[in-house]
Amino acid sequence: MGVGLYIHFPFCQQKCRYCDFNSYAGMEHLLPKYLAAIQQELFMYKVHVSVVDTIYIGGGTPSLLSINDVTRLFDSIRRNFFIADRAEVTMEVNPGSCTLEKLKVIRMNGVNRLSIGLQSFNNESLGKMGRIHSVEDFIKTYQNALAAGFTNINVDLIYGLPWQTGEEWQDTLAGVVELNPEHISLYSLTIEHDTPFGRDLKAGKITKIDEELEAEMYENAVKLLKANGYEHYEISNFAKPGRRCRHNQIYWRNEDYVGIGAGATSYMGRVRFTNVKEIPQYIEKVFGNVYATNEKETLKLEKIIGETIMLNLRMLDGFKIDDLRKRFKMDIDELYGPTIRVLSNQGLLKEEEGMVKLTEHGLMIANQVFQRFV
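Residue 1725 in the numbering used here sits at position 289 of the sequence shown, with consecutive numbering throughout.
Here you go:
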């Protein structure tokens, strides 16, 4: 069985005001060296990985790569790994950073799934978030993606913005649904301390959105997307039939994946390890022909099982206790049966056709459910 391959490009033209991802603005001068380091790290992992089932290139803004750099990257991937037939290959792009010509080259290099970061269908909101594109830029990028031959496109959205109304959120959903992408991801805004939004919150310049309004936004989105033919298959993700993101399902099933690049995490066997976050240190380590890892944890089996249950519950299909018993050769009921029964009695979990899954109420307070398993 193959693994998932994630490659991280932590470069941005401008850092969004809500973002605490491992990404940096104003460091594009390091991109050529970084790409060379990525190629070297891919070579270093050649001995650990034989077959790659999915590839996901994220960031940051991977679409800042030049046309020639895109080709060099994929040449390196193919040189070091065998890519499975019908592999899912995803690349994130930001509106305004991708010409039609570049999108054609990305498609020509084997990318068959595009993820476009829109976030809002309101230009004023985009400006407040620190996004450098407009709604019009997004529509142009989306049209160019179709013209380049992409038939599997995801659109990312954010709700729960401090100033956002229910009407504005409905307009965003309606605008995206009209375009009919194959996949939509929607995320509730989390205000992290070490971000401009976090500092604005502390200074009283912004306030968190009302929790009831935020919950209503989510519920309305679920109803609208289901009514328009999207399967709600994971807490934050919706897909047309047959278009679920295969790469992300590797994470939610707690299966093996390799992370390449600054700050990227890998999980292989029972070991989880993460690369250094800073771009210069990452380049230095890899050019020194040593692994860029700075954090490593060998997980105990009970912890792996608990995390697997938690991640499986993110998917609305849930999990089968028998499947976990066969996978881990452990008595799952003895370990977590009492917890599952308590949560079921509280109306947070249910069992349907042998599958343990979140109830509608459990879905709304999923993090509280997850804490019981980790």
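All residues carry an ideal CB built from backbone N, CA and C; glycine is no exception.
Jot down the residue ranges of each uninterrupted beta strand (DSSP E) in the region 1611-1657, minimum 3 residues, whole runs only, in chain order.
1619-1624
When the distance is taken between beta carbons, is Leu1649 closer than 9 Å to Gly1602?
yes
Distance, Cα to Cα, Val1810 vs Ser1459?
28 Å
Using only CA atoms, which one of Leu1471, Phe1806, Ile1474 and Thr1490 lies nearest to Ile1686?
Thr1490
Mind checking which residues open and close the alpha helix (DSSP H) that includes His1797?
Glu1796 to Met1800
Report buried or exposed for Lys1641, applying the criterion of at least 16 other Cβ atoms within 10 angstroms of its Cβ.
The residue is exposed, with fewer than 16 neighbouring Cβ atoms inside 10 Å.
Going by CA-CA distance only, name the one from Thr1744, Arg1508 and Thr1729 that's closest to Arg1761.
Thr1744
Let me know the secondary structure DSSP gives Asn1391 once reduced to three states.
The first residue shown for the chain is 1437 and the last is 1810, placing residue 1391 beyond what the model contains.
Residues of its chain near Ile1740, where Cβ-Cβ distance is below 8 Å and the 5 sequence neighbours each way are ignored:
Asn1690, Arg1706 and Phe1764
So what's Ile1741 in DSSP terms, helix, strand or just coil?
If DSSP states are grouped into helix, strand and coil, Ile1741 belongs with the helices.
Sort out for me which residues DSSP pairs Leu1509 with in a bridge.
None; Leu1509 has no bridge partner.
Quick test of your reading: Val1712 and Met1704, contact by CB under 8 Å. State the CB separation rounded to the nearest angstrom.
About 18 Å separates the beta carbon of Val1712 from that of Met1704, a gap too long to meet the 8 Å contact definition.
Examine the Cβ distances between the region 1447-1461 and the region 1494-1504 and report whether three or more of them are shorter than 8 Å.
yes
Report the residue from Gly1790, Tyr1595 and Gly1697 whose alpha carbon sits nearest the alpha carbon of Asp1759.
With distances taken between Cα atoms, Asp1759 lies closest to Gly1790.
As a quick exercise: from Ser1533, Gln1804, Ile1575 and Val1547, pick the residue whose alpha carbon is nearest that of Ala1523.
Distances from the alpha-carbon of Ala1523 to those of Ser1533, Gln1804, Ile1575 and Val1547 put Val1547 closest.
Excluding five sequence neighbours on each side, which residues of the same chain lie with their C-beta closer than 7 Å to the C-beta of Ile1776?
So the qualifying residues of the chain are Leu1785 and Val1792.
Buried or exposed: Trp1605, going by 16 or more other Cβ atoms within 10 Å of its Cβ?
So Trp1605 counts as buried.
Tell me whether Gly1811 is buried or exposed, calling it buried when 16 or more other Cβ atoms sit within 10 Å of its Cβ.
Given a span of 1437 to 1810 for the chain in the structure shown, any question on residue 1811 remains unanswerable.
Taking only three categories from DSSP, how would you classify Met1766?
Assignment of Met1766 by DSSP, reduced to helix, strand and coil, places it in the coil class.
Take the Cβ of Pro1716 as the centre, count every other Cβ of all protein chains shown within 10 Å, and call the residue buried at 16 or more, exposed below.
exposed
Close beta carbons around Phe1806, own chain, < 6 Å, minus the five adjacent residues each side:
Met1746
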